Every structure is written in structure tokens, then in C-alpha cells.
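Per our numbering, the sequence shown runs over residues 31 to 411.
Think of the CB as a built atom: it goes at the ideal place given N, C-alpha and C, for glycine as much as any other residue.
Please read all numbers here as calculations on a predicted model, not as lab measurements.
Working notes for the structure below.
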Amino acid sequence: MRDVATDFERAFGAAPEGTWSAPGRVNLVGEHTDYNGGASLPIAIDRRTAVAAALRDDDVVRVGTAFADGIVEMRIADLADAAGWSAYPLGVLWALLDAETAADRVRGLDLWIDSDVPVGVGVSSSAALEAAVCVAAAELWGLPTTREAMVAICQRAENVVAGAPTGTLDQSAALLSHADAALLLDFGADTVETVPLGLDAAGLAVLVIDSTVRHDHTSGGYGVRRRECEEAAALLGVALLADVPAAGLEDALAPLPEALARRARHVVTDTLRCREAAAAVRDGRPRDLGPILTAAHASMRDDFEASVPAVDAAADAAVAAGALGARITGGGFGGACIALVDVDRADEIAAAVTARVTGAGHPTPTTFTVRASAGAGRADR
Ligand code: GLA
């Protein structure tokens, strides 16, 4: 990634007041559970979005980035009308000012954004962008916004301004994570627990295999699955699908049409797998994550039907090549698979997966390992 302070100065003709950054995330387990009141176990990754920013003397916000041409300029009063890529950063500013009812007291901003979080892979480039802008603006504007409030603000920007009906998994990971730890997010109880991972100490690594099949959660399967979950919950008479108890699950799901029963089974069993995974890590058994990941992949593929053949092929190939377990990560309908691997075998497994996946006629995947990293914060201090 280029130096955002230098690029800011080139774009706006003066140095920024500071730089901030926020990470992408990999979800270890617990998919499509956030908006269903279940649980997830994400890590923030060592791929980040950086923002250089400075206050202006008027009520104008200007935002530029290395990944799109031109500078978008808008008055603070019009931020809710932002569209295209700038809906993410400008939508966050709108939601932040709305939450703090501060719109009439703050000055404009200049923002320059760059990122090495890959887009469309399922590692939450959008939440990284939202979180980086949110921490930058809250500090420059002197707002008292807590990290927990920022999670809801970034989600609101994504839902309302960018138009993607997503939950709070990604924003929680980007804003609340700590290095070498996962977050156990319980969306029903509204609790967050930091679970030290110890992957480095155990000689393990998380390998990301990007299928290069792209998804877009503002359209397509994500919204369809979300509506199916709401329909299943309504038919079962529960507020949220994760309220269905795991004990006696099959009997409880019997009244549902077959496809909706499978959606519900995924939500309930993935929430259970999350708790098992967190317990394994807490007990110092990180290798036991492997079979949990593989079972979670089968659930996303068969019950939630949110995987695609190229990602299925990558997950199968990773396990065949010696990964402890592998699964699709993120919202699905494309994107990436993660594999838990012995660190000294990561390259060999990545090469074997690439050979097998391309041999089966799928696009050549991109592979990289990630480390569990810290959440959003000031980057120049
Ligand atoms: C996307 C959404 C999240 C979550 C996941 C699936 O990443 O942004 O809110 O629903 O999909 O677990």
C-alpha cells in the first residue's frame, strides 16, 4: 500500500492531521448468524484500510482514493445522498453525525483512502473502510462515540447508504479485535469476548484461498437468505432463528418447508460450532478447530446453500492436501475459503490447492496467509 499521508498531500495540497487504519476480517466460524441472533468467531487480519484526514474550515467533505478516479465532494447536509464507492465513507460520516446529533457543530473534512484489503473476497473490505473513516472522523470531530456505538454506526451506513442488508459481524471484527485473538460475538446476548488464539505458538496459520469468484451483498443471494431466515423464524414463532434450541432441533424444524428447515439448521448448528471452537481455543486445543471448520463448510454448502463450486473445490483440496480443516468464509456466493494449516506446510498446501482447483476447470485462486491482528486505531502514533 502507498503512504496515505503523502498521497493526501499530493491530492489536497497540505499535510493531513493524522492517519488511521482498520483491518479486514476472516470469520473462523459462525456465518449468517449475526442477523439471526447467533454467534460468530472472527479475527481481524493483517490487511488494512488506511485513511489520512484533516479538518476543513467550511462544511464540505472531500474524499479521494487510490482505487477510483477523481475526488468526490459533498456538503455535510447532503452526505446521505452519497452513491458508488463513496457511499461507504460518506455514509459513515452521515451515520456518525446523526447518532451524535452533531451535524450543525462540525467542520468539513478532507479524506484520502488506500487499502490492501482485497475487495469482493469475503474478508470485509467494506467494514475496514467504514471503521477506518469512523475512528478518524470521531477523533477529528472530538466526538465521544464508543467503539460499540461505532459498530452500529458503520452497520447503519452500510445498510442505509450503501444498501447492503448486512449484520454487525464485520464491523465488530474491524473495531473491537485484538492481536493474536479471536472475538466470540454473541449477537443474541449482545456480548463480546476476546479469546486469545495462540496460533503462532501452536505453529498454525490461517491460509486464505480466494476463488476469484466475486460476490456483491447489495444484490443477489445474501438478501434472499436473510428473508428466508426471517420467514423461517416467523413460521416457528421465534423472534430470531438462533432462539430455536439445539436440543431436539430436527423435531422443532419439522413444520418448516424443507429448504427453510435447512437454512434454520445451519444457523443453529453454526452457532453451536462457534461455542465449540471458542472452547477449543480457550482450552489450548487450537488444532481441534480443524474438523469444526470442515463441518461448518458442509453446513454452508448443503444447508445454507451459500457456497459456490470453486470454493467447494478449494476447501476439499485444502483438506486433501493436509489442512486441519477448511471452510468458506464471509457471506458466500463467491469469495474465499480459509484453511487451518501447519505453518511450515502453508506454501505446499497452497500450491496443491491451486493445482487441483485449476485442474478441475475453476479460475486460478489467489492465496495468502493472515495473522490475527488489532482492530481500528490511529496509525501515526
Ligand atoms: C457478510 C455480512 C455480515 C455477515 C456475513 C455472514 O460478511 O456483512 O454481516 O452476515 O456476511 O456471516
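Quick one, which of the options has its alpha-carbon nearest residue i's?
i: Gly43; options: Leu290, Leu109, Leu141, Arg305; result: Leu141
i: Met31; options: Val136, Ala98, Val147; result: Val147
i: Glu188; options: Ala161, Leu173, Leu206; result: Ala161
i: Glu360; options: Thr79, Ala157, Ala35; result: Here residue 360 turns out to be Gly, not Glu, going by the sequence shown. If we check each option's Cα against that of Gly360, Ala157 comes out closest.
i: Ala107; options: Ala96, Ala294, Thr95, Val91; result: Val91
i: Glu335; options: Thr396, Phe363, Ala219, Ala345; result: Phe363
i: Ala307; options: Glu223, Val298, Leu323, Thr224; result: Leu323
i: Ile183; options: Leu170, Val163, Trp171; result: Val163
i: Ala385; options: Gly54, Gly355, Arg357, Ala343; result: Ala343
i: Gly278; options: Leu265, Ser207, Arg295, Thr221; result: Arg295
i: Phe97; options: Ala110, Gly114, Pro285; result: Gly114
i: Gly150; options: Asp377, Val190, Arg55; result: Arg55
i: Ala404; options: Arg78, Asp281, Leu159, Val243; result: Arg78
i: Ile75; options: Ala194, Leu265, Ser145; result: Ser145
i: Glu29; options: Tyr252, Thr221, Thr396, Leu109; result: This structure leaves residue 29 out entirely; the chain is present only between 31 and 411.
i: Arg137; options: Ala110, Leu173, Ser155; result: Leu173
i: Val102; options: Ala219, Leu266, Ala41; result: Ala41
i: Arg305; options: Glu61, Trp124, Gly391; result: Glu61
i: Arg105; options: Asp89, Thr95, Val93, Asp64; result: Asp89
i: Ala125; options: Val93, Glu378, Ala168, Arg312; result: Ala168
i: Val93; options: Leu123, Asp64, Ser70; result: Leu123
i: Gly233; options: Thr95, Gly314, Gly251; result: Gly314
i: Tyr252; options: Leu206, Phe38, Gly193, Asp37; result: Gly193
For residue i versus residue j, is the C-beta distance shorter than 8 Å?
i: Val153; j: Val59; result: no
i: Ala112; j: Gly100; result: no
i: Ser241; j: Pro393; result: yes
i: Ala351; j: Val373; result: no
i: Ala402; j: Asp210; result: yes
i: Asp333; j: Gly68; result: no
i: Gln185; j: Thr196; result: yes
i: Ala117; j: Ala406; result: no
i: Cys367; j: Arg357; result: yes
i: Gln201; j: Val181; result: yes
i: Leu170; j: Arg86; result: no
i: Leu229; j: Ala262; result: no
i: Leu159; j: Ile143; result: yes
i: Arg293; j: Arg255; result: yes
i: Val274; j: Leu265; result: no
i: Thr397; j: Ala409; result: no
i: Val25; j: Ala328; result: Outside the shown range of the chain, which is 31 to 411, sits residue 25, and nothing can be said about it.
i: Val338; j: Val243; result: yes
i: His245; j: Gly389; result: no
With a cut-off of 8 Å on the beta carbons, I'd call residue i and residue j a contact; round off their distance for me.
i: Pro72; j: Leu199; result: 6 Å
i: Leu270; j: Asn57; result: The pair is not a contact, with the Cβ atoms about 19 Å apart (cut-off 8 Å).
i: Ala310; j: Asp318; result: 4 Å
i: Val400; j: Val236; result: 5 Å
i: Ala82; j: Ala35; result: 5 Å
i: Ala166; j: Trp50; result: 4 Å
i: Leu214; j: Pro316; result: At roughly 14 Å, the Cβ-Cβ gap does not stay under 8 Å, so Leu214 and Pro316 are not in contact.
i: Val371; j: Ala345; result: With a Cβ gap of about 13 Å, Val371 and Ala345 do not count as contacting.
i: Glu258; j: Leu290; result: 6 Å
i: Ala276; j: Val298; result: 5 Å
i: Ala272; j: Gly218; result: 6 Å
i: Pro46; j: Ala80; result: In fact, because the Cβ distance is near 11 Å, the residues do not count as touching under 8 Å.
i: Val191; j: Ala129; result: With a Cβ gap of about 13 Å, Val191 and Ala129 do not count as contacting.
Under the DSSP definition of a beta bridge, which residues are partnered with residue i?
i: Thr95; result: Ala98, Ile143
i: Ser403; result: Ala74
i: Asn57; result: Pro72
i: Trp171; result: Beta-bridge pairing links Trp171 to no other residue.
i: Leu215; result: Ser70, Val222
i: Ala427; result: Outside the shown range of the chain, which is 31 to 411, sits residue 427, and nothing can be said about it.
i: Asp372; result: Leu234
i: Thr397; result: Ile239
i: Gly355; result: Leu370
i: Gly48; result: Ala83
i: Arg408; result: Trp50
i: Met104; result: Val91
Does any CB atom of chain B fall closer than 8 Å to the CB of residue i?
i: Val268; result: Of the protein chains in the structure, only one exists, and it is not chain B.
Just to check, is the beta-carbon of residue i closer than 7 Å to a non-hydrogen atom of the ligand ATP?
i: Pro321; result: This structure simply doesn't include the ligand ATP; it includes the ligand GLA instead.
Next on the checklist: Residues around the ligand GLA, please: the ones whose beta-carbon is closer than 5 Å to some heavy atom of it, in chain order.
Outcome noted: Going along the chain, the residues that qualify are Glu61, His62, Asp64, Thr196, Gly197, Leu199, Asp200, Gly360, Gly361.
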